Structure formats: C-alpha cells, structure tokens
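Here the structure is laid out as structure tokens; the discussion comes afterwards.
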Amino acid sequence: MIRGETSHYDVVAKESSAGLHQIAVEHAVPIGNGIMTCENRDQAWERAAVDRRNKGGSAAAACISLMELEQHFSSASRR
Numbered sequence: 009m010i011r012g013e014t015s016h017y018d019v020v021a022k023e024s025s026a027g028l029h030q031i032a033v034e035h036a037v038p039i040g041n042g043i044m045t046c047e048n049r050d051q052a053w054e055r056a057a058v059d060r061r062n063k064g065g066s067a068a069a070a071c072i073s074l075m076e077l078e079q080h081f082s083s084a085s086r087r
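The structure is reproduced here in structure tokens:
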C-alpha cells in the first residue's frame with residue numbers, strides 16, 4: 009500500500025494486519041503478513057524489486073519455511 013492524502017491508508021493497513029492475525033488464531037494456522045506499507049512509489053519499488061529488497065519474496069520464503077516446519081513436526085508426531 010502507498011500512503012495517500014487521507015487516513016484510509018492507516019485504516020486499511022491496520023485492519024488488514026488484524027484480519028490476518030485473526031484468521032491465524034481462529035484457525036490455528038501460520039499466516040505471513042507480506043503487506044508492504046510505503047510512503048511513496050519509489051519506496052514501494054525499492055522494497056518490491058526482486059533485484060533489491062524483494063520483501064514479497066522474503067515473505068513468501070518465510071511462509072514456505074513455516075509450512076515445512078509444520079510438515080516436519082506433523083510427521084514426527086505420527087511416529
């Protein structure tokens with residue numbers, strides 16, 4: 009998300025994060041939050057570009073790691 013001239017940015021950022029947290033708690037599943045909150049387009053591109061910070065890729069990698077951990081512990085508990 010890129011901040012605009014109104015408070016809508018703050019509301020959407022807060023509620024999106026709260027919604028993801030609520031789903032994770034209610035359903036006992038790990039959920040990563042890869043929502044980027046940026047002040048402007050330049051900052052968004054800097055954070056999103058694959059050859060730079062790649063925050064989206066980092067968030068996806070973290071989710072995959074959590075899924076792998078869940079599989080590991082699920083299979084270990086069945087033994």
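The working numbering puts the first residue of the sequence shown at 9, with every later residue one more than the last. The C-beta atom is built at its ideal place from N, Cα and C for all residues, glycine as well. For clarity, every value in this text was computed on a predicted model and none was experimentally measured.
Given a cut-off of 8 Å on the beta-carbon distance, is the pair M44 and A32 in contact? Contact flag unset, no.
Taking the continuous alpha helix (DSSP H) assigned at A36, which residues delimit it? DSSP places A36 outside any alpha helix (DSSP H), giving it a letter other than H or E.
C-beta contact flag for A21 and G40 at 8 Å: Against a cut-off of 8 Å, the Cβ pair of G40 and A21 comes out as no contact.
What residue ranges within the segment 36-82 form continuous alpha helix (DSSP H) runs of no fewer than 4 residues, ordered along the chain? Complete alpha helix (DSSP H) runs here, min 4: 49-56.
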